[in-house]
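Written out below as structure tokens is the structure these notes cover.
Protein chains: 2
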Amino acid sequence: MPTSTRFAVAVHILTGLAVSDGKPLRSEDLAWSANTGAVVIRGLLSRLSDAGLTRSQLGAGGGSLLAKPAKKIRLLDVYAAVEDTELFSLHRTPPCDSCAVGGNILEAIQPALDRARKALEAELAKTTVADVAAEVARLGKFSIPLAW
Amino acid sequence: MPTSTRFAVAVHILTGLAVSDGKPLRSEDLAWSANTGAVVIRGLLSRLSDAGLTRSQLGAGGGSLLAKPAKKIRLLDVYAAVEDTELFSLHRTPPCDSCAVGGNILEAIQPALDRARKALEAELAKTTVADVAAEVARLGKFSIPLAW
DNA sequence: TTTGTGTGTAACCATCACTATGACACACTA
DNA sequence: TAGTGTGTCATAGTGATGGTTACACACAAA
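Just so you know, the protein sequences line up as chains Y and X, in that order. Quick note on numbering: the working numbering labels position 76 of the first sequence as 76, and the sequence is numbered without any gaps. Numbers given in the working numbering equal positions in the second sequence, counted from 1, plus 1000.
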């Protein structure tokens, strides 16, 4: 039930925009930082933009910006924006319906899985992009905004 | 990411063994209930056995049994036994090390991800196979042990 | 001891999500 | 008008996953 790498890279993107603090960053710049392709970044930015977390500025000198303060963007928001598979996958083929266990197992475990998922999400809601940006600044010994 | 159905099927297997309550079940029987192949079940049983959750009885009339009371098997134990990938995958290729954000982002987000993972695990530790078996019995309106 | 039963594991395959990459139309700025 | 950067499509390689066949081995029952 692992997540894709999208979540980690999306947090990376948003953290980059947060430390840049108002100066637009191009997808190519972000791709260099994340060590991937610019199209991959643009795909993620598309999802983040749909979720209202970022916005784009076209044309020369353009790039991406945070659509709201980093303090208001929780890791949970990022998670929801870029992950589309269920945390727990169930049986690939539905279990035997005419069987005492198979016919009821899904319904029986669902509540426990839901509680686990909610616990994960509640924890992700406690950290914001601003927190991550501050931690990156502390580790890298620089201050925000950072001149690139 | 391709998510694994192993956890759900493993819980299914253990629940089946729990309601069977001492009567060995063959991998073929479990495969029928889970609507999959017997070899898939045996692969999971191999992991569960390594984790000390089940044991096998060879020969005619044989099959698999729980290695300890269902009440002592937490969903967390099952999860640990059959899932081998990290909950959160990080960048496929390590981010740019010579970059202020890329060089520190992994270390910066790790604590938050660890807290989220621990929250998930703590929740999974609260439910046991016996709980799931009882719920299946309630939904299916039968009592344990179940005659197959 | 013999026969039948069931496990355990290896090998191979099809499928699917994921990431990478090239290409190009479009929007906007200078 | 020229240049820049986004947004999206199409394509391809990769890796994990689950399904299936095959077979050696262990054990129980007779």
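Note that the Cβ used here is the ideal one computed from N, Cα and C, for glycine as well.
Query                                                                                                                                                                        : Result
Run down chain X in chain order and give the residues with a C-beta less than 7 Å from the C-beta of Y:Pro95.                                                                : His1012, Ser1033, Ala1034, Asn1035
Please list the partners that Y:Ala70 has in chain X, where partner means a Cβ-to-Cβ separation under 9 Å.                                                                   : Simply none; closest approach about 13 Å.
Excluding the five sequence neighbours on either side, which residues of its own chain have a C-beta within less than 7 Å of the C-beta of X:Gly1063, listed in chain order? : Pro1024, Leu1025, Arg1026, Gln1057
I'd like to confirm the pairing. Which residues does DSSP put opposite X:Ser1064 in its beta bridges?                                                                        : X:Leu1025, X:Ser1056
Hey, quick one: how far does the alpha helix (DSSP H) through Y:Gly16 stretch, first residue to last?                                                                        : 6-20
Expressed to the nearest angstrom, what Euclidean distance is found between the alpha-carbon atoms of X:Ile1105 and Y:Leu124?                                                : 16 Å
Helix, strand or coil for X:Arg1138 per DSSP?                                                                                                                                : helix
CA-CA distance, X:Leu1090 and Y:Ser4?                                                                                                                                        : 8 Å
Tell me which same chain residues have a C-beta within less than 8 Å of the C-beta of Y:Gly52, skipping the five on either side of it?                                       : Ala67, Lys68
Have a look at Y:Gly102, Y:Gly16, Y:Val132, Y:Leu48 and flag the residue whose alpha-carbon is nearest the alpha-carbon of X:Ala1133.                                        : Y:Gly102
Does DSSP put X:Arg1047 in a helix, in a strand, or in coil?                                                                                                                 : helix
Answer with yes or no whether the minimum CB distance from X:Ile1144 to chain Y is below 7 Å.                                                                                : no
Determine the DSSP secondary structure at X:Pro1002, reduced to helix, strand or coil.                                                                                       : Summary for X:Pro1002: the model assigns pLDDT 45, below 50, so the residue's position carries little reliability, and this model does not support an answer.
Roughly how many whole angstroms lie between the Cα atoms of Y:Thr15 and Y:Val129?                                                                                           : 6 Å
What does X:Gly1063 touch in chain Y if you count any residue whose Cβ is under 8 Å from its own?                                                                            : In chain order: nothing, as chain Y lies at least about 15 Å away.
Show which residues of chain Y have a CB atom less than 8 Å away from the CB atom of X:Ser1027.                                                                              : Neighbours of X:Ser1027 on chain Y: none; closest Cβ ~15 Å, over 8 Å.
Under 8 Å, with one C-beta from each stretch per pair, do the region 136-145 of chain Y and the region 1114-1123 of chain X reach the 3-pair mark?                           : no
Name the DSSP bridge partner or partners of X:Thr1128?                                                                                                                       : X:Arg1074
Are there 16 or more other CB atoms within 10 angstroms of the CB of X:Pro1002, so buried, or fewer, so exposed?                                                             : With a pLDDT of 45 at X:Pro1002, under the threshold of 50, the predicted position of this residue should be treated as unreliable, and no value is reported.
Roughly how many angstroms separate the alpha carbons of X:Arg1138 and Y:Pro95, rounded to a whole number?                                                                   : 18 Å
Which residue's Cα is closest to the Cα of X:Leu1036: X:Asp1021, X:Gly1059, X:Arg1055, X:Arg1006?                                                                            : The sequence shown places Thr at residue 1036 of chain X, rather than the Leu named in the question. It is X:Arg1006 whose Cα lies nearest to the Cα of X:Thr1036.
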